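Okay, structure first, notes after.
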Amino acid sequence: MKTVRLTAAQAMVRYLSCQMNSDGDPFFGGCWAIFGHGNVAGLGEALHGIGDDFPTWRGHNEQGMAHAAIAYAKASNRKRAMTVTTSIGPGATNMVTAAALAHVNRLPVLLVPGDVFANRAPDPVLQQIEDFGDGTISANDCFKPVSRYFDRITRPEQLLTALPRAMAVLTDPVECGPVTLAFCQDVQAEAYDWPENFFVQKTWKQVRPRADLDQIDAAIAAIKVAKKPLIIAGGGVHYADACDDLRDFAHRHNIPVAETQAGKSALAWDDALNLGSIGVTGASSANAVAEEADLIIALGTRLQDFTTGSWALFKGPNHRILSINVAAYDARKHDAISVVGDAKVTLAELSSALGEHQARSVDPALKKSWIEAVDGVTALPTGNALPTDAQVIGAVQRSTDDDTIVVCAAGGLPGELHKLWKAAKPNGYHVEYGFSCMGYEIAGGLGVKMARPDREVVVMVGDGSYMMMNSELATSVMLGHKIITVILDNRGFGCINRLQMATGGESFNNLLDTARHVEPSAIDFAAHAGAMGAVSEKVASITELEDAMERARKADRSYVIVIDTDPLPSTEAGGHWWDVAVPEVSVRPTVNEARKNYEAALKNQRPGD
6 MKTVRLTAAQ AMVRYLSCQM NSDGDPFFGG CWAIFGHGNV AGLGEALHGI
56 GDDFPTWRGH NEQGMAHAAI AYAKASNRKR AMTVTTSIGP GATNMVTAAA
106 LAHVNRLPVL LVPGDVFANR APDPVLQQIE DFGDGTISAN DCFKPVSRYF
156 DRITRPEQLL TALPRAMAVL TDPVECGPVT LAFCQDVQAE AYDWPENFFV
206 QKTWKQVRPR ADLDQIDAAI AAIKVAKKPL IIAGGGVHYA DACDDLRDFA
256 HRHNIPVAET QAGKSALAWD DALNLGSIGV TGASSANAVA EEADLIIALG
306 TRLQDFTTGS WALFKGPNHR ILSINVAAYD ARKHDAISVV GDAKVTLAEL
356 SSALGEHQAR SVDPALKKSW IEAVDGVTAL PTGNALPTDA QVIGAVQRST
406 DDDTIVVCAA GGLPGELHKL WKAAKPNGYH VEYGFSCMGY EIAGGLGVKM
456 ARPDREVVVM VGDGSYMMMN SELATSVMLG HKIITVILDN RGFGCINRLQ
506 MATGGESFNN LLDTARHVEP SAIDFAAHAG AMGAVSEKVA SITELEDAME
556 RARKADRSYV IVIDTDPLPS TEAGGHWWDV AVPEVSVRPT VNEARKNYEA
606 ALKNQRPGD
């Protein structure tokens with residue numbers, strides 16, 4: 006057997022560079038890296054040595070780098086991914102939040118934090134956490150509950166099994182999620198005689214599991230007897246490349262479609278059968294049909310509480326859930342009729358068996374009325390008051406084309422975008438709402454642009470999220486990956502402030518003016534963005550915003566537009582109740598009244614369905 010002598014770090018990097026996807030592209034788009042004593046000598050030297058065959062990208066924040074990598078994978082429909090390496094200690098633990106985000110959203114990312122010395126000679130090494138009762142514990146054990154696969158590399162030859170296992174998880178449609186390989190820093194530098202065939206190029210084909218025939222038969226029977234079926238399209242539709250299949254299936258069998266946050270843009274917004282978003286941030290058209298549906302066909306969705314209205318949305322008598330999902334865990338939720346299989350393959354099998362069967366038509370006036378409501382709240386304002394989020398969304402929509410990808414995460418904006426954004430093409434809507442992670446937006450926008458360089462990327466972010474993490478804006482400028490960022494400054498955490506008030510609370514500690522302070526906050530976001538190298542400006546009206554968007558689209562580098570907005574209004578049309586527990590005991594009459602309303606709403610909740 007022929008061998009080649011390499012360090013463990015060199016072997017890892019070479020192996021990863023040889024992994025290909027079904028389309029013939031490298032599976033990895035490179036490695037994000039911030040070096041420290043735990044990875045600079047080993048992995049740093051290895052990454053430098055391999056050069057453009059496995060490019061290294063430098064970020065400014067470890068969590069931000071991981072967010073960019075995760076967004077890259079999501080924008081690539083999980084066909085490609087990235088690696089992220091950090092030193093031990095805070096560099097590693099900074100990535101734990103991102104790992105949780107990837108875990109919730111079922112997105113592939115390979116995290117390679119440096120670890121303590123396997124030989125323990127210098128214990129305790131700088132940044133090492135010492136567990137008084139367990140000598141094997143390090144800070145990287147924090148990754149275990151938020152990783153789909155975790156391993157600690159304490160000998161070079163362990164990579165011979167750890168790396169193929171990591172790839173199997175990253176490319177598996179069910180297990181897909183974050184993989185953490187905690188890489189002991191002394192082991193990174195150790196040499197080993199590796200089999201040359203370990204570095205032969207390998208292609209990881211996209212697996213499309215077929216459902217059990219009995220499950221298919223049960224699904225067909227349920228669809229045929231349903232009088233008012235509704236399809237809920239989730240993120241799995243995108244990951245299975247099933248957007249066209251969903252459109253064809255829906256039209257052939259005349260079944261309307263509603264979209265989750267992850268599923269939005271699976272159908273064009275103006276498709277006659279697309280009733281819009283569903284659930285807590287749903288369209289009135291979609292929710293009205295969902296309330297009366299006798300068969301909810303959950304396609305590639307994990308049925309999060311925002312989708313189900315905390316399990317109070319589906320009110321049809323004797324309604325059933327038909328769940329089509331590649332993951333049995335999701336398909337079997339809530340006593341559903343389970344079909345465990347790939348969305349694309351399953352839709353084809355069901356459609357063939359259903360023949361020309363069609364469901365009853367939904368009143369087209371429902372969608373027409375909803376679009377009129379959307380157009381109303383997103384139109385140019387007529388007064389001089391501060392604009393609403395909806396009006397800003399309308400301006401951005403009018404200023405972009407159908408190829409634009411809008412990026413957002415957390416706060417009130419995702420809800421408004423879910424209701425109001427008119428996504429024309431698949432992957433045109435990129436909102437991280439599984440983990441609802443503030444700070445994802447700008448780093449995520451960078452990752453999206455790296456995956457989809459041919460499409461305009463517009464990041465919409467509130468001032469609160471911008472303040473949590475903005476450093477990768479400088480990275481986008483440095484790397485030449487232009488993104489347009491629109492900062493909506495409502496001077497605080499406007500979304501949670503509204504929720505606080507809706508549950509009877511006083512505006513407290515959310516808006517900057519109602520938080521404890523000595524000096525009023527006065528942040529110049531345009532100046533801050535300009536200091537990081539972006540072109541930036543602040544506008545005073547929706548009309549000025551549209552003019553600025555035109556300048557931004559013509560610009561040759563990242564562009565930031567700041568606009569002040571009203572923190573109180575949100576779109577009243579559409580939506581649904583969401584289970585947020587209100588205190589049973591309070592001296593405040595508003596809280597007591599909110600509790601009374603909450604208890605009444607709980608009677609509509611059907612968590613066992």
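Here this note's numbering is used: the first residue of the sequence shown is 6, the next is one more, and so on. Virtual Cβ for every residue (Gly too), placed ideally from N, Cα, C. The model shown is predicted, which means the values in this text are computed figures rather than measured ones.
Exposed unless 16 or more other CB atoms sit within 10 angstroms - verdict on residue i
i: D139; result: exposed
i: S575; result: buried
i: N330; result: buried
i: L131; result: exposed
i: F513; result: exposed
i: D459; result: exposed
i: P129; result: exposed
i: E361; result: exposed
i: H423; result: buried
Proximity test, Cβ basis, 9 Å: residue i and chain B
i: Y564; result: Looking at the structure shown, chain B is missing, and only one protein chain is on hand.
Contact set for residue i: own chain, Cβ-Cβ below 6 Å, skip 5 residues either direction
i: A273; result: A429
i: R215; result: G346, V350
i: N66; result: S476
i: N82; result: H243, Y244
i: R337; result: S343
i: K233; result: E297, A298, D299
i: D584; result: S315
i: Y438; result: Q266, P419
i: E461; result: T409
i: R111; result: C181, G182
Beta-carbon separation (whole angstroms), residue i vs residue j, contact threshold 8 Å
i: A4; j: H258; result: The requested residue 4 is not part of the displayed model; the chain covers only 6 to 614.
i: I410; j: V453; result: 6 Å
i: V482; j: S541; result: Not quite, the Cβ-Cβ distance comes to about 11 Å (not below 8 Å), so this is no contact.
i: L371; j: Q193; result: The pair is not a contact, with the Cβ atoms about 59 Å apart (cut-off 8 Å).
i: T286; j: G580; result: 6 Å
i: A71; j: L21; result: With a Cβ gap of about 16 Å, A71 and L21 do not count as contacting.
i: I501; j: A400; result: In fact, because the Cβ distance is near 25 Å, the residues do not count as touching under 8 Å.
i: T98; j: C147; result: 6 Å
i: L516; j: G497; result: 4 Å
i: R153; j: N145; result: Contact doesn't hold; Cβ gap of about 15 Å is too wide.
Between the CA atoms of residue j and residue i - distance to the nearest angstrom
i: L619; j: I93; result: With the chain covering 6 to 614 only, the question about residue 619 has no answer from this structure.
i: P183; j: D177; result: 12 Å
i: L318; j: W582; result: 8 Å
i: P118; j: E195; result: 17 Å
i: T508; j: V464; result: 30 Å
i: G29; j: V212; result: 15 Å
i: W375; j: S289; result: 6 Å
i: F155; j: L300; result: 39 Å
i: A51; j: V179; result: 32 Å
i: N44; j: V101; result: 17 Å
i: D561; j: N323; result: 57 Å
i: V294; j: G284; result: 11 Å
i: Q24; j: V544; result: 47 Å
i: Q402; j: Q133; result: 49 Å
i: M443; j: G417; result: 11 Å
Secondary structure of residue i, DSSP reduced to three states
i: K229; result: helix
i: W583; result: coil
i: C442; result: coil
i: D569; result: strand
i: E542; result: strand
i: D253; result: helix
i: W375; result: helix
i: C36; result: strand
i: C248; result: helix
i: V491; result: strand
i: A86; result: strand
i: E195; result: coil
i: S328; result: strand
Proximal residues to residue i (C-beta, below 7 Å), its chain only, five neighbours per side dropped
i: F530; result: D468, Y471, I492, D494, V567
i: T8; result: D198, W199, P200, E201
i: Q124; result: The amino acid at residue 124 is misidentified as Gln; the sequence shows Asn. Correct list, in chain order: D191.
i: A103; result: Q68, A71, H72, I75
i: M172; result: Q24, W209
i: A479; result: H65, M537, G538
i: K269; result: S282, H423, A428, Y434
Cβ-based neighbour list, residue i, same chain, cut-off 8 Å, excluding 5 preceding and 5 following
i: I555; result: For the record, residue 555 in the displayed sequence is Glu; it is not Ile. S404, listed in sequence order.
i: F33; result: L21, S22, Q24, F59, R85, A86, M87, T88, L115
i: R10; result: A196, Y197, D198, W199
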